[in-house]
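A.B. asks: Residue numbers (this note's numbering), protein chains in the order written: chain A, 8 to 290; chain B, 25 to 549.
Just so it is clear, CB atoms sit at the ideal spot from N, CA and C, and this is done for glycine as well.
Nothing here was measured: the structure is a model prediction, and the numbers come from that model.
The structure that follows is given in the form of structure tokens.
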């Protein structure tokens, strides 16, 4: 007993103070890639290198459409490598340290750019491009919302609908003393009947579809559903196939999407706080 | 193994067509027919061999046959021997070995489900991988398309074996569990508190992984390998890359081998540390879990410095690793390990000092050594029950041949000893990483990319933190794969849990389950 107390005192406070304080990120940490569409003369090498089809190129009637889907991106950095030209040029694709990407609208995670096509297959001038995922700032505003709405209590039921267990590891980390999600009054519960929020990872497999539907039906209203990770959003590298139905919203309605593979704990927290805003509107 | 192959040839003259060694240390013994029973029996009972895995390949379009592969190894010999048994397309059946060698029970039934071949004489031939509501399809046949749309899910009809007797009842659990864990179904038959009989239903997370491997280019497939079991991303990724490298004859630079070895051990440390906390937590010792979570964060922070990802994603590559390390990164390893070692020692001291924790873990969930051997248990669960296996020592790969380490083995087979195996292994891993840094060679971190030649076969094996991971590949045209078989240690080890829980109280199931900590996704793929 003495040993335990001694250790507790010697460690002191282990908890990081996200979102009030920005998390400590290693300089090597890879967040999402960023695209300079105007300077991007050929998206095909990046599309070919992308393991999940997050970057797609389609040509029609002399116009090339390039689509970037952060809901499929696994932050691997292969697009940056594939797009790097000579040493003097800066790559039109650059890995950033951005991870607060959660969105309430699936379409906000998709960027498109249209180019006039050259006869040799490369692009010409950029015709149009949509902007990146809107940074939805939850922060302190929503911390206050939790207190108002739920009396400092939000109950989450986590559902693994087919994940590789990567996302689960980071969700478990939300409970450790460093990320300590309970400091917001948020806790994980054992039954959907006790839950306000379903935190669902994917891809949704054929064998989990019914269980997911039943879990959703067992969760009382008002409720929010958060789809976690590239696979939870879109099916990720598994996509859709004979055994995979793709993203969570193929089966139940989703309120918030959290990109990543897996999303780091702070990214999960960002998305969960964002979803609380949704819950408040609904209540 | 050359002499062993020769012996098989001489002893079973009519049954062996040829012996080849397409990759150094990987022998393929082509049989003349589908029956591998006699040779398997000889290898297992007379020659102390171990049946590592059984899987099938559909070569009907090319050669007019299916091939069953039986992979063996032997103590003290780093080679692998594979029996390759042709099965004619017009008579899709092979003699089952499961009655005699229960270790292949699930794997033979997988062959039945995925390919529609009959494991003739199997004692329990029911479906294992495809749930009962699946139509009569065989997804790994070449004639089945990856994107086939199947009729929607209709509900479960699986009938669990009844257990009768006064006061006996069943407790169904899952697939959605109470904690943050993967989905599976457990059906406990109980009489009062003790568990009489546990039945498992897995494959809830089956997502077509092996089929998908046949449909994407190899450079993308590396990322798919990282997603087989997310807590073993680097181990599975490395096993896959090894298989491709051996098949294609790609020489991995020495520096890359050392970098991989360091990352494999960091993956082990991170997962063992969290398991130690989770085991303590499952018997109500929350403070130990809190410290373990903190120590794990320190390790994951180091992983992020080394790979850009807390969970080691996007690092391993065909021919080596994607990024080399600068001096500051290498220095971070030594500095962080010092902290981790000190914190880990305190964590272990806290766990060990708790008498009530020891009481709960000792003699709980016992897996006896003879059962463990019979069931073919591997990894942590095996080593706690006297099964002295470790791919790092038995089939040295990457830099393990240059490192000295000992493999902890206990005989007691209870939860406490599975905990002790992990504690010992973290200590060994820390020393191995230190030694690897001290001897880190200079040079390239990745071999130059080259096209992968078609129609080459090879096996890659890694001792993941959970146990033996095996990938077997046949390459195809255009940098693609014809087949990728994935064997996670979990597929071997589920029967261990069934065995270990018997007679224990239901309340101890979580900690027994956690002490094995098997991967559902690795099992289901």
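Ignoring anything shorter than 3 residues or poking outside the stretch 155-193 of chain A, list the beta strand (DSSP E) runs there in chain order.
C.D. replies: Qualifying beta strand (DSSP E) stretches, in chain order: 161-167.
A.B. asks: In whole angstroms, what is the alpha-carbon distance linking residue 197(A) and residue 206(A)?
C.D. replies: Cα-Cα distance, rounded: 13 Å.
A.B. asks: Which whole-angstrom value describes the C-beta separation of residue 368(B) and residue 297(B), a residue pair presumed to lie in contact below a C-beta threshold of 8 Å?
C.D. replies: Confirmed, about 7 Å.
A.B. asks: So with Cβ pairs under 8 Å, would you call residue 375(B) a contact of chain A?
C.D. replies: By this cut-off, residue 375(B) is not an interface position.
A.B. asks: Using a Cβ-Cβ cut-off of 8 Å (strictly less than) and excluding sequence neighbours within five positions of residue 548(B), which residues of its own chain qualify?
C.D. replies: So the qualifying residues of the chain are 153, 226, 227, 228, 229, 230, 231.
A.B. asks: Taking all protein chains shown into account, do 16 or more other C-beta atoms lie within 10 angstroms of the C-beta of residue 135(A), making it buried, or fewer, making it exposed?
C.D. replies: Residue 135(A) should be labelled exposed.
A.B. asks: Quick check: what's the CA-CA separation for residue 245(B) versus residue 274(B)?
C.D. replies: Distance between the alpha carbons of residue 245(B) and residue 274(B): 17 Å.
A.B. asks: Rank 176(A), 165(A), 209(A) by C-alpha distance to the C-alpha of residue 193(A) and give the top, closest one.
C.D. replies: Of the listed residues, the one whose Cα sits closest to residue 193(A) is 165(A).
A.B. asks: Output yes if chain A places a C-beta closer than 8 Å to the C-beta of residue 66(B); else output no.
C.D. replies: Not an interface residue.
A.B. asks: Looking at residue 493(B): is its Cβ nearer than 8 Å to the Cβ of residue 260(B)?
C.D. replies: Cβ distance < 8 Å, so residue 493(B) and residue 260(B) count as in contact.
A.B. asks: Given a cut-off of 8 Å on the beta-carbon distance, is the pair residue 317(B) and residue 184(A) in contact?
C.D. replies: It is a contact, given that the beta carbons lie within the stated cut-off.
A.B. asks: Is residue 118(A) closer than 8 Å to residue 103(A) when the C-beta atoms are compared?
C.D. replies: The answer is no: Cβ separation not under 8 Å.
A.B. asks: Which chain B residues sit within Cβ distance under 9 Å of residue 175(A)?
C.D. replies: Simply 204, 205, 206, 254, 255.
A.B. asks: What's the gap between the Cα of residue 301(B) and the Cα of residue 314(B)?
C.D. replies: One C-alpha to the other measures close to 7 Å.
A.B. asks: Please list the partners that residue 245(A) has in chain B, where partner means a Cβ-to-Cβ separation under 9 Å.
C.D. replies: Neighbours of residue 245(A) on chain B, chain order: 231, 232, 233, 236, 248, 251.
A.B. asks: If you draw a straight line from the C-alpha of residue 143(B) to the C-alpha of residue 136(B), how long is it?
C.D. replies: Between residue 143(B) and residue 136(B), the C-alpha separation is close to 7 Å.
A.B. asks: Contact between the stretch 160-172 of chain B and the stretch 184-195 of chain B is defined here as three or more beta-carbon pairs at a separation below 8 Å; is this criterion met?
C.D. replies: The stretch 160-172 of chain B, when compared against the stretch 184-195 of chain B, does not touch it at the 8 Å Cβ threshold.
A.B. asks: Check the Cβ-Cβ distances between residue 311(B) and every residue of chain A, and say whether any is below 8 Å.
C.D. replies: For residue 311(B), the answer is yes, since a Cβ of chain A falls inside 8 Å of its Cβ.
A.B. asks: Tell me the rounded alpha-carbon separation between residue 16(A) and residue 190(B).
C.D. replies: C-alpha separation (whole angstroms): 53 Å.
A.B. asks: Would you call the stretch 108-119 of chain B and the stretch 46-64 of chain B in contact, with 3 or more CB pairs under 8 Å?
C.D. replies: The stretch 108-119 of chain B is in contact with the stretch 46-64 of chain B.
A.B. asks: Are the CB atoms of residue 145(B) and residue 119(B) nearer to each other than 8 Å?
C.D. replies: Against a cut-off of 8 Å, the Cβ pair of residue 119(B) and residue 145(B) comes out as a contact.
A.B. asks: In the DSSP output, what is residue 120(A) paired with across the bridge?
C.D. replies: According to DSSP, which records beta bridges pairwise, residue 120(A) is partnered with 73(A), 136(A).
A.B. asks: Spell out whether any CB of chain B is found under 8 Å from the CB atom of residue 248(A).
C.D. replies: Yes, because at least one Cβ of chain B sits closer than 8 Å to the Cβ of residue 248(A).
A.B. asks: Once you ignore the five residues that flank residue 531(B) on each side, which residues in its own chain have a CB closer than 8 Å to its CB?
C.D. replies: Same-chain partners within the cutoff: 217.
A.B. asks: Check whether the Cβ atoms of residue 65(B) and residue 124(B) sit closer than 8 Å, and answer yes or no.
C.D. replies: A contact, by the Cβ cut-off of 8 Å.
A.B. asks: Among 50(B), 286(B), 517(B), which one has its Cα closest to the Cα of residue 539(B)?
C.D. replies: Closest by alpha carbon: 517(B).
A.B. asks: Please state if the CB of residue 280(A) and the CB of residue 327(A) are separated by a distance shorter than 8 Å.
C.D. replies: Nothing about residue 327(A) can be read from this structure; chain A reaches only from 8 to 290.
A.B. asks: In angstroms, rounded to a whole number, what distance separates the CA positions of residue 282(B) and residue 497(B)?
C.D. replies: Roughly 24 Å separates the two Cα atoms.
A.B. asks: Kindly indicate if chain B contains any beta-carbon less than 8 Å away from that of residue 215(A).
C.D. replies: Judged by the 8 Å Cβ criterion, residue 215(A) is in contact with chain B.
A.B. asks: From the DSSP output, in three-state form, read off residue 102(A) for me.
C.D. replies: Strand, per DSSP.
A.B. asks: Expressed to the nearest angstrom, what Euclidean distance is found between the alpha-carbon atoms of residue 278(A) and residue 415(B)?
C.D. replies: The alpha-carbon atoms of residue 278(A) and residue 415(B) are separated by roughly 41 Å.
A.B. asks: Ignore the nearest five residues each way along the sequence and tell me which others in residue 44(B)'s own chain have a CB closer than 6 Å to its CB.
C.D. replies: Excluding positions up to five away in sequence, the list reads 52.
A.B. asks: Taking 8 Å as the cut-off, decide whether the C-beta atoms of residue 14(A) and residue 370(B) are in contact.
C.D. replies: Yes; because the gap between Cβ atoms is below 8 Å, this pair is in contact.
A.B. asks: Could you confirm whether any beta carbon from chain A is found closer than 8 Å to the beta carbon of residue 475(B)?
C.D. replies: It does not; no Cβ of chain A falls within 8 Å.
A.B. asks: Take residue 326(B) and list the residues in its own chain whose beta-carbon comes closer than 7 Å to its own, dropping the five residues that flank it on each side.
C.D. replies: Excluding sequence neighbours, residue 326(B) sits near 290, 356, 357, 360.
A.B. asks: Answer yes or no: does any C-beta atom of chain B fall closer than 8 Å to that of residue 51(A)?
C.D. replies: No, its Cβ sits nowhere closer than 8 Å to a Cβ of chain B.
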